[in-house]
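One point on numbering: in numbering that gives the first Met the number 0, the residue at position 132 of the sequence shown is 131, and numbering is uninterrupted.
Single-structure report; data block below.
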Amino acid sequence: MPRRFFIKLLVALGLTKFFPSLEPEIISASARSYKKISLDIEQLITVEPRTSRTLMWRLDHSLDCRVEFRLIGDENIFSIRADSVNYEDLFIYNCRLENLKPESVYEYRVIADDRATAWKKFSTPGFGAFQMLIFCDSQCVDYGVWKSVADIADKNFPDAELVTVLGDITDNGQYAPGWRGWHDGAARLLSSRIFAPVMGNHECYEPVNWLNCLPVGYLNHFVQPSNGSKKFDGYFYSFDYGAVHFIVLNTQFDELETFLPALEDEQKYWLRRDVADCNRPWRIVLMHKDIFDYMRETFSDVGDRLMPLFDELGIDLVLTAHLHTYRNRGHIFEQKKSDHGPVYVMCGLAGDQRYTEKVSAAFDEVAATPKDNYLVLDADASGLRGEPARNGGRELHVYLLG
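Here is the structure:
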(Lines of atoms letter the chains of each structure in order from A and count residues from 1; the text may use other names and numbers.)
(Lines give C-alpha, C1' and ligand atoms only; values in the text may rest on other atoms or scores of the structure.)
Protein backbone atom coordinates (compact mmCIF):
# COMPACT_ATOMS: atom_id res chain seq x y z
CA MET A 1 0.00 0.00 0.00
CA PRO A 2 1.56 3.38 -1.01
CA ARG A 3 2.57 5.51 2.00
CA ARG A 4 0.52 8.49 0.78
CA PHE A 5 -2.67 6.42 0.51
CA PHE A 6 -1.96 4.80 3.88
CA ILE A 7 -1.64 8.19 5.58
CA LYS A 8 -4.86 9.45 3.94
CA LEU A 9 -6.67 6.36 5.21
CA LEU A 10 -5.36 6.84 8.74
CA VAL A 11 -6.35 10.53 8.71
CA ALA A 12 -9.84 9.65 7.48
CA LEU A 13 -10.23 7.05 10.23
CA GLY A 14 -8.71 9.28 12.91
CA LEU A 15 -5.96 6.74 13.64
CA THR A 16 -2.80 8.78 13.15
CA LYS A 17 -2.28 8.98 16.93
CA PHE A 18 -1.55 5.24 16.87
CA PHE A 19 1.19 5.78 14.25
CA PRO A 20 3.24 8.66 15.69
CA SER A 21 5.99 8.32 13.09
CA LEU A 22 3.51 9.56 10.48
CA GLU A 23 2.64 12.71 12.41
CA PRO A 24 4.77 15.88 12.37
CA GLU A 25 7.50 15.68 14.99
CA ILE A 26 7.80 18.59 17.42
CA ILE A 27 11.41 19.71 17.64
CA SER A 28 13.27 22.48 19.43
CA ALA A 29 14.85 25.34 17.59
CA SER A 30 17.96 23.68 16.23
CA ALA A 31 21.40 25.11 16.68
CA ARG A 32 22.65 22.99 13.81
CA SER A 33 24.15 24.96 10.97
CA TYR A 34 22.98 24.09 7.46
CA LYS A 35 24.49 24.94 4.15
CA LYS A 36 22.15 27.00 2.00
CA ILE A 37 20.09 25.50 -0.81
CA SER A 38 17.78 27.35 -3.18
CA LEU A 39 14.61 25.56 -4.31
CA ASP A 40 11.56 26.65 -6.28
CA ILE A 41 8.85 25.49 -3.87
CA GLU A 42 5.24 25.50 -5.03
CA GLN A 43 2.13 25.46 -2.86
CA LEU A 44 -0.60 23.15 -4.17
CA ILE A 45 -4.29 23.44 -3.41
CA THR A 46 -5.92 21.07 -0.93
CA VAL A 47 -9.59 20.31 -0.30
CA GLU A 48 -9.57 22.69 2.67
CA PRO A 49 -6.73 25.24 2.32
CA ARG A 50 -7.84 26.91 5.56
CA THR A 51 -6.24 24.06 7.49
CA SER A 52 -3.81 22.29 5.14
CA ARG A 53 -1.21 22.91 2.47
CA THR A 54 0.80 20.75 0.05
CA LEU A 55 4.35 21.82 -0.78
CA MET A 56 6.15 20.51 -3.87
CA TRP A 57 9.66 20.93 -5.26
CA ARG A 58 11.98 19.18 -7.71
CA LEU A 59 15.62 18.02 -7.59
CA ASP A 60 17.94 16.45 -10.14
CA HIS A 61 19.08 13.85 -7.62
CA SER A 62 17.66 12.07 -4.58
CA LEU A 63 18.07 13.68 -1.15
CA ASP A 64 16.58 13.00 2.26
CA CYS A 65 14.06 15.85 2.48
CA ARG A 66 11.75 17.09 5.19
CA VAL A 67 9.88 20.29 5.99
CA GLU A 68 10.15 22.24 9.21
CA PHE A 69 7.30 24.67 9.89
CA ARG A 70 5.82 26.72 12.69
CA LEU A 71 3.10 29.23 13.40
CA ILE A 72 4.53 32.74 13.55
CA GLY A 73 4.89 33.62 17.23
CA ASP A 74 4.90 29.99 18.35
CA GLU A 75 8.08 28.42 19.73
CA ASN A 76 7.18 24.89 18.58
CA ILE A 77 8.73 23.78 15.31
CA PHE A 78 7.17 20.81 13.54
CA SER A 79 9.11 18.50 11.24
CA ILE A 80 7.61 16.12 8.69
CA ARG A 81 9.33 13.95 6.10
CA ALA A 82 8.60 14.49 2.41
CA ASP A 83 7.52 11.85 -0.10
CA SER A 84 9.08 11.68 -3.57
CA VAL A 85 8.70 10.08 -6.98
CA ASN A 86 11.35 9.63 -9.65
CA TYR A 87 9.96 10.69 -13.01
CA GLU A 88 12.01 11.28 -16.17
CA ASP A 89 15.28 11.57 -14.21
CA LEU A 90 13.70 14.20 -11.96
CA PHE A 91 12.97 13.67 -8.26
CA ILE A 92 9.65 15.32 -7.43
CA TYR A 93 9.02 15.87 -3.72
CA ASN A 94 5.81 16.66 -1.88
CA CYS A 95 4.93 17.27 1.75
CA ARG A 96 1.43 17.73 3.19
CA LEU A 97 1.02 20.08 6.17
CA GLU A 98 -2.12 19.36 8.20
CA ASN A 99 -4.03 20.77 11.17
CA LEU A 100 -3.12 24.37 10.39
CA LYS A 101 -4.98 27.29 11.93
CA PRO A 102 -7.21 29.36 9.60
CA GLU A 103 -6.31 32.99 8.98
CA SER A 104 -2.80 32.52 10.32
CA VAL A 105 0.74 33.08 9.10
CA TYR A 106 3.28 30.26 9.08
CA GLU A 107 6.91 29.98 8.15
CA TYR A 108 8.65 26.91 6.77
CA ARG A 109 11.86 25.67 5.27
CA VAL A 110 12.95 22.56 3.40
CA ILE A 111 15.81 20.52 4.85
CA ALA A 112 17.62 18.46 2.21
CA ASP A 113 20.36 16.31 3.71
CA ASP A 114 22.81 18.84 5.22
CA ARG A 115 21.34 21.85 3.43
CA ALA A 116 18.33 24.06 4.09
CA THR A 117 16.37 26.75 2.31
CA ALA A 118 15.73 30.12 3.86
CA TRP A 119 12.57 30.38 5.96
CA LYS A 120 9.58 31.23 3.80
CA LYS A 121 6.09 32.39 4.80
CA PHE A 122 2.59 31.38 3.81
CA SER A 123 -0.86 32.36 5.07
CA THR A 124 -3.96 30.28 5.56
CA PRO A 125 -7.22 31.86 4.36
CA GLY A 126 -10.52 32.38 6.14
CA PHE A 127 -13.93 33.01 4.60
CA GLY A 128 -13.20 36.55 3.43
CA ALA A 129 -12.63 38.17 0.05
CA PHE A 130 -9.78 36.96 -2.15
CA GLN A 131 -8.24 37.48 -5.57
CA MET A 132 -7.33 34.80 -8.12
CA LEU A 133 -5.16 34.88 -11.26
CA ILE A 134 -6.45 32.81 -14.18
CA PHE A 135 -4.24 31.66 -17.05
CA CYS A 136 -4.82 29.15 -19.80
CA ASP A 137 -2.85 27.31 -22.48
CA SER A 138 0.59 28.24 -21.16
CA GLN A 139 2.10 25.67 -23.55
CA CYS A 140 5.10 27.12 -25.37
CA VAL A 141 7.91 26.51 -27.76
CA ASP A 142 9.73 29.30 -25.92
CA TYR A 143 8.75 29.23 -22.24
CA GLY A 144 10.23 32.68 -21.88
CA VAL A 145 6.85 33.88 -23.17
CA TRP A 146 5.04 32.11 -20.31
CA LYS A 147 7.57 33.48 -17.82
CA SER A 148 6.97 37.02 -19.06
CA VAL A 149 3.18 36.73 -18.68
CA ALA A 150 3.51 35.10 -15.25
CA ASP A 151 6.01 37.68 -13.98
CA ILE A 152 3.84 40.61 -15.15
CA ALA A 153 0.82 39.14 -13.35
CA ASP A 154 2.92 38.60 -10.23
CA LYS A 155 4.01 42.25 -10.29
CA ASN A 156 0.60 43.74 -11.11
CA PHE A 157 -1.38 41.74 -8.55
CA PRO A 158 0.85 41.06 -5.54
CA ASP A 159 -2.13 40.32 -3.27
CA ALA A 160 -3.62 37.53 -5.40
CA GLU A 161 -3.77 34.34 -3.33
CA LEU A 162 -4.75 31.71 -5.90
CA VAL A 163 -3.48 30.78 -9.37
CA THR A 164 -4.83 28.39 -11.97
CA VAL A 165 -3.87 27.39 -15.49
CA LEU A 166 -6.86 25.96 -17.31
CA GLY A 167 -5.09 23.08 -19.02
CA ASP A 168 -2.46 22.62 -21.73
CA ILE A 169 0.01 23.68 -19.09
CA THR A 170 2.84 22.37 -21.25
CA ASP A 171 2.93 21.57 -24.94
CA ASN A 172 3.43 17.86 -24.29
CA GLY A 173 2.66 16.29 -20.95
CA GLN A 174 5.29 13.55 -21.24
CA TYR A 175 8.15 15.81 -22.40
CA ALA A 176 10.42 16.56 -19.44
CA PRO A 177 12.12 19.73 -20.82
CA GLY A 178 8.68 21.29 -21.28
CA TRP A 179 7.86 20.76 -17.63
CA ARG A 180 11.21 22.24 -16.61
CA GLY A 181 10.52 25.31 -18.74
CA TRP A 182 7.05 25.74 -17.31
CA HIS A 183 8.13 25.40 -13.66
CA ASP A 184 11.04 27.79 -14.21
CA GLY A 185 8.67 30.33 -15.74
CA ALA A 186 6.18 29.98 -12.88
CA ALA A 187 8.76 30.22 -10.08
CA ARG A 188 8.14 33.84 -9.08
CA LEU A 189 4.36 33.66 -9.59
CA LEU A 190 3.94 30.55 -7.44
CA SER A 191 6.48 31.36 -4.75
CA SER A 192 3.79 32.89 -2.52
CA ARG A 193 0.49 31.67 -4.03
CA ILE A 194 -1.52 28.46 -4.07
CA PHE A 195 -1.73 26.67 -7.42
CA ALA A 196 -4.81 24.76 -8.61
CA PRO A 197 -3.88 22.83 -11.78
CA VAL A 198 -6.33 21.79 -14.51
CA MET A 199 -5.62 18.98 -16.98
CA GLY A 200 -5.78 19.69 -20.73
CA ASN A 201 -5.58 17.55 -23.84
CA HIS A 202 -1.86 18.28 -24.31
CA GLU A 203 -1.22 16.60 -20.98
CA CYS A 204 -2.54 13.42 -22.64
CA TYR A 205 -0.08 13.12 -25.57
CA GLU A 206 3.13 11.12 -25.78
CA PRO A 207 6.14 13.02 -27.16
CA VAL A 208 7.27 10.88 -30.11
CA ASN A 209 4.24 10.48 -32.35
CA TRP A 210 1.83 12.65 -30.32
CA LEU A 211 -0.54 9.75 -29.80
CA ASN A 212 -3.04 9.75 -26.95
CA CYS A 213 -1.74 8.42 -23.64
CA LEU A 214 -2.39 8.58 -19.94
CA PRO A 215 -1.37 11.93 -18.34
CA VAL A 216 1.50 10.45 -16.35
CA GLY A 217 3.59 13.63 -16.37
CA TYR A 218 0.74 15.80 -15.09
CA LEU A 219 -0.14 13.33 -12.33
CA ASN A 220 3.48 13.17 -11.16
CA HIS A 221 4.08 16.92 -11.21
CA PHE A 222 1.00 17.88 -9.19
CA VAL A 223 -0.39 16.27 -6.05
CA GLN A 224 -4.06 17.25 -6.08
CA PRO A 225 -6.99 17.00 -3.66
CA SER A 226 -8.46 13.51 -3.50
CA ASN A 227 -11.86 13.02 -5.13
CA GLY A 228 -12.47 9.65 -3.44
CA SER A 229 -12.23 7.71 -6.71
CA LYS A 230 -10.11 4.56 -6.90
CA LYS A 231 -9.65 4.88 -10.68
CA PHE A 232 -9.64 8.61 -11.31
CA ASP A 233 -7.90 10.28 -8.38
CA GLY A 234 -6.07 13.29 -9.81
CA TYR A 235 -8.30 13.59 -12.89
CA PHE A 236 -10.91 15.90 -11.30
CA TYR A 237 -11.38 17.45 -7.88
CA SER A 238 -12.97 20.28 -5.92
CA PHE A 239 -11.98 22.67 -3.16
CA ASP A 240 -13.38 25.55 -1.14
CA TYR A 241 -11.76 28.95 -0.92
CA GLY A 242 -13.43 31.89 0.78
CA ALA A 243 -17.02 32.12 -0.45
CA VAL A 244 -16.41 29.96 -3.53
CA HIS A 245 -16.70 26.24 -4.19
CA PHE A 246 -14.36 25.47 -7.10
CA ILE A 247 -14.96 22.40 -9.27
CA VAL A 248 -12.06 21.28 -11.50
CA LEU A 249 -13.37 19.03 -14.27
CA ASN A 250 -11.70 16.77 -16.81
CA THR A 251 -12.77 17.35 -20.44
CA GLN A 252 -10.34 14.91 -22.10
CA PHE A 253 -13.05 12.40 -23.06
CA ASP A 254 -11.68 11.89 -26.58
CA GLU A 255 -8.05 11.50 -25.55
CA LEU A 256 -8.73 9.17 -22.61
CA GLU A 257 -11.69 7.12 -23.87
CA THR A 258 -9.52 4.15 -24.88
CA PHE A 259 -7.75 4.03 -21.52
CA LEU A 260 -10.48 5.21 -19.15
CA PRO A 261 -13.90 4.55 -20.71
CA ALA A 262 -15.76 5.15 -17.43
CA LEU A 263 -14.26 8.62 -16.84
CA GLU A 264 -17.25 10.66 -18.01
CA ASP A 265 -19.89 8.66 -16.13
CA GLU A 266 -17.98 8.56 -12.86
CA GLN A 267 -17.12 12.26 -13.07
CA LYS A 268 -20.78 13.18 -13.58
CA TYR A 269 -21.82 10.96 -10.67
CA TRP A 270 -19.14 12.55 -8.49
CA LEU A 271 -20.12 16.08 -9.62
CA ARG A 272 -23.74 15.67 -8.51
CA ARG A 273 -22.66 14.43 -5.09
CA ASP A 274 -20.00 17.12 -4.80
CA VAL A 275 -22.40 19.99 -5.50
CA ALA A 276 -25.02 18.50 -3.18
CA ASP A 277 -22.51 18.89 -0.35
CA CYS A 278 -21.54 22.45 -1.31
CA ASN A 279 -22.13 25.10 1.36
CA ARG A 280 -20.54 28.13 -0.31
CA PRO A 281 -22.51 30.97 -1.99
CA TRP A 282 -20.75 30.60 -5.35
CA ARG A 283 -19.99 27.63 -7.60
CA ILE A 284 -17.27 28.00 -10.24
CA VAL A 285 -16.23 25.33 -12.75
CA LEU A 286 -12.65 25.33 -14.06
CA MET A 287 -12.11 23.13 -17.14
CA HIS A 288 -9.97 23.03 -20.26
CA LYS A 289 -12.05 22.40 -23.38
CA ASP A 290 -14.59 25.00 -24.36
CA ILE A 291 -18.35 24.60 -24.79
CA PHE A 292 -18.46 25.97 -28.36
CA ASP A 293 -17.24 24.67 -31.73
CA TYR A 294 -16.59 27.67 -33.97
CA MET A 295 -15.94 25.58 -37.07
CA ARG A 296 -19.44 24.09 -36.87
CA GLU A 297 -20.91 27.25 -35.31
CA THR A 298 -22.67 25.24 -32.64
CA PHE A 299 -21.97 23.81 -29.20
CA SER A 300 -19.07 21.42 -28.89
CA ASP A 301 -19.22 17.81 -27.80
CA VAL A 302 -18.04 18.92 -24.36
CA GLY A 303 -20.75 21.57 -24.26
CA ASP A 304 -23.44 19.04 -25.17
CA ARG A 305 -22.21 16.65 -22.48
CA LEU A 306 -21.80 19.11 -19.61
CA MET A 307 -23.96 22.22 -20.07
CA PRO A 308 -27.27 20.49 -19.13
CA LEU A 309 -25.61 19.34 -15.92
CA PHE A 310 -24.40 22.86 -15.15
CA ASP A 311 -27.98 24.13 -15.59
CA GLU A 312 -29.29 21.40 -13.30
CA LEU A 313 -26.73 22.04 -10.55
CA GLY A 314 -26.92 25.83 -10.50
CA ILE A 315 -23.32 26.52 -11.52
CA ASP A 316 -22.62 30.26 -11.48
CA LEU A 317 -19.51 30.64 -13.63
CA VAL A 318 -17.71 28.34 -16.09
CA LEU A 319 -14.14 29.27 -17.08
CA THR A 320 -12.66 27.47 -20.11
CA ALA A 321 -9.62 27.54 -22.41
CA HIS A 322 -8.43 25.36 -25.35
CA LEU A 323 -9.09 27.68 -28.32
CA HIS A 324 -6.39 30.24 -27.39
CA THR A 325 -8.76 33.17 -27.64
CA TYR A 326 -11.08 35.23 -25.46
CA ARG A 327 -14.88 35.06 -25.45
CA ASN A 328 -17.39 36.35 -22.91
CA ARG A 329 -20.83 34.83 -23.58
CA GLY A 330 -22.71 36.06 -20.52
CA HIS A 331 -25.51 33.82 -19.25
CA ILE A 332 -26.49 30.73 -21.23
CA PHE A 333 -29.30 28.44 -20.10
CA GLU A 334 -30.56 25.37 -21.99
CA GLN A 335 -28.00 26.34 -24.66
CA LYS A 336 -29.75 29.63 -25.33
CA LYS A 337 -28.84 33.20 -24.42
CA SER A 338 -30.55 34.09 -21.18
CA ASP A 339 -30.70 36.47 -18.25
CA HIS A 340 -29.88 33.63 -15.87
CA GLY A 341 -27.93 30.39 -15.77
CA PRO A 342 -24.15 29.97 -15.83
CA VAL A 343 -21.89 32.68 -17.20
CA TYR A 344 -19.40 31.22 -19.70
CA VAL A 345 -16.00 32.84 -20.28
CA MET A 346 -13.21 31.43 -22.44
CA CYS A 347 -10.13 33.00 -20.93
CA GLY A 348 -7.57 33.56 -23.69
CA LEU A 349 -3.91 32.56 -23.92
CA ALA A 350 -0.81 32.63 -21.72
CA GLY A 351 1.67 30.90 -24.07
CA ASP A 352 3.05 31.42 -27.57
CA GLN A 353 0.72 29.12 -29.56
CA ARG A 354 -1.68 31.66 -31.11
CA TYR A 355 -4.88 30.75 -32.93
CA THR A 356 -7.61 32.70 -34.71
CA GLU A 357 -11.26 31.75 -34.29
CA LYS A 358 -14.50 32.96 -35.81
CA VAL A 359 -16.92 35.01 -33.75
CA SER A 360 -20.40 33.79 -32.90
CA ALA A 361 -22.83 36.67 -33.32
CA ALA A 362 -25.44 34.66 -31.44
CA PHE A 363 -23.39 33.95 -28.30
CA ASP A 364 -20.21 36.01 -28.05
CA GLU A 365 -20.90 39.26 -26.21
CA VAL A 366 -17.22 40.21 -26.23
CA ALA A 367 -14.63 38.61 -28.52
CA ALA A 368 -10.91 39.23 -28.82
CA THR A 369 -7.75 37.45 -29.89
CA PRO A 370 -5.39 38.52 -27.10
CA LYS A 371 -1.65 38.14 -27.15
CA ASP A 372 -0.49 36.56 -23.91
CA ASN A 373 -3.17 37.53 -21.40
CA TYR A 374 -4.52 36.56 -18.02
CA LEU A 375 -7.70 37.27 -16.05
CA VAL A 376 -8.26 38.41 -12.49
CA LEU A 377 -11.16 37.22 -10.37
CA ASP A 378 -12.20 39.05 -7.21
CA ALA A 379 -14.59 37.03 -5.06
CA ASP A 380 -16.49 37.49 -1.81
CA ALA A 381 -19.85 36.43 -0.45
CA SER A 382 -21.63 39.29 -2.24
CA GLY A 383 -20.31 38.76 -5.75
CA LEU A 384 -17.80 37.62 -8.38
CA ARG A 385 -16.05 40.36 -10.32
CA GLY A 386 -13.81 39.67 -13.25
CA GLU A 387 -11.23 42.36 -13.86
CA PRO A 388 -10.06 43.09 -17.40
CA ALA A 389 -7.92 40.56 -19.17
CA ARG A 390 -4.57 42.08 -20.03
CA ASN A 391 -3.85 42.63 -23.71
CA GLY A 392 -1.13 45.23 -23.86
CA GLY A 393 -3.01 47.18 -21.20
CA ARG A 394 -6.28 47.17 -23.18
CA GLU A 395 -9.48 46.28 -21.34
CA LEU A 396 -11.34 43.33 -22.83
CA HIS A 397 -14.24 42.76 -20.47
CA VAL A 398 -15.71 42.90 -17.02
CA TYR A 399 -18.19 40.24 -15.91
CA LEU A 400 -20.24 40.67 -12.78
CA LEU A 401 -22.27 38.22 -10.73
CA GLY A 402 -24.09 39.15 -7.57
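We put the beta carbon where it would ideally sit given N, CA and C, even for glycine.
Exercise. Under 8 Å, do residue 171 and residue 124 count as touching if we go by C-beta distance?
Worked result: Against a cut-off of 8 Å, the Cβ pair of residue 124 and residue 171 comes out as no contact.
Problem set entry | Three-state class that DSSP yields for residue 230 in the structure shown | Of the three classes helix, strand and coil, the one that applies to residue 230 here is coil, per DSSP.
Problem set entry | Per-residue DSSP class, three states only, for residue 36 | Here residue 36 sits in coil by DSSP.
Problem set entry | Option in 359, 352, 229 with minimal Cα separation from residue 293 | Looking at the Cα atoms, 359 is the closest of the given residues.
Exercise. Would you call the CB atoms of residue 299 and residue 309 closer than 8 Å?
Worked result: Between residue 299 and residue 309, the C-beta gap is not smaller than 8 Å, which leaves the two residues out of contact.
Exercise. Should residue 53 be labelled buried (16 or more other beta-carbon atoms within 10 Å of its own) or exposed?
Worked result: Residue burial is scored here from C-beta neighbours: residue 53 has at least 16 other C-beta atoms within 10 angstroms and is therefore classed as buried.
Exercise. What residues in its chain sit with their C-beta under 6 Å from that of residue 218, if we drop five residues either side in the sequence?
Worked result: So the qualifying residues of the chain are 233.
Exercise. In or out: residue 180 buried (at least 16 other Cβ within 10 Å) or exposed?
Worked result: Buried: at least 16 other Cβ atoms inside 10 Å.
Problem set entry | Of the residues 83, 77, 261, 307, the one placed nearest residue 64, counting alpha carbons only | The shortest Cα separation from residue 64 among 83, 77, 261, 307 belongs to 83.
Exercise. Nearest to residue 235 by CA position, among 24, 60, 126, 46, is which residue?
Worked result: Of the listed residues, the one whose Cα sits closest to residue 235 is 46.
For this session: Whole angstroms is fine: what's the gap from residue 35's alpha carbon to residue 44's?
Result: For residue 35 and residue 44, the distance between alpha carbons rounds to 27 Å.
Exercise. Which residue comes first and which comes last in the alpha helix (DSSP H) that contains residue 273?
Worked result: It spans 262–275 - the alpha helix (DSSP H) in which residue 273 sits, taken as one unbroken run.
Exercise. Roughly how many whole angstroms lie between the Cα atoms of residue 79 and residue 328?
Worked result: Roughly 47 Å between the two C-alpha positions.
Problem set entry | Inter-residue CB distance, residue 379 and residue 127 (contact presumed, cutoff 8 Å) | Sure, about 7 Å apart at Cβ, within 8 Å.
Problem set entry | Segments assigned beta strand (DSSP E), at least 3 residues, entirely inside the segment 71–149 | Listed in chain order, they are 76–80, 82–86, 89–96, 104–111, 119–122, 129–134.
Problem set entry | beta strand (DSSP E) segments (min. 3 residues) lying fully within the segment 295–335 | Fully enclosed beta strand (DSSP E) runs of no fewer than 3 residues occupy 316–319, 325–332 of the segment 295–335, in order along the chain.
Problem set entry | Nearest neighbour of residue 316, chosen from 258, 262, 249, 280 [CA to CA] | When each option's Cα is compared against that of residue 316, the closest is 280.
Problem set entry | Beta-bridge pairing of residue 212 - partner residues as DSSP gives them | Among the bridge pairs identified by DSSP, residue 212 is matched with none.
Exercise. Does the segment 138–154 come close enough to the segment 328–341 that 3 or more CB-CB pairs lie under 8 Å?
Worked result: No, the segment 328–341 is not in contact with the segment 138–154.
Exercise. Touching or not, the segment 131–146 and the segment 344–356, by the rule of three or more beta carbon pairs under 8 Å?
Worked result: Because the criterion of three Cβ pairs below 8 Å is met, the segment 131–146 and the segment 344–356 touch.
Exercise. Is DSSP giving residue 153 helix, strand or coil here?
Worked result: In this structure, residue 153 counts as helix in the three-state DSSP scheme.
Problem set entry | residue 374: first and last residue of the uninterrupted beta strand (DSSP E) it sits in | Residue 374: member of the beta strand (DSSP E) spanning 374–379, first to last residue.
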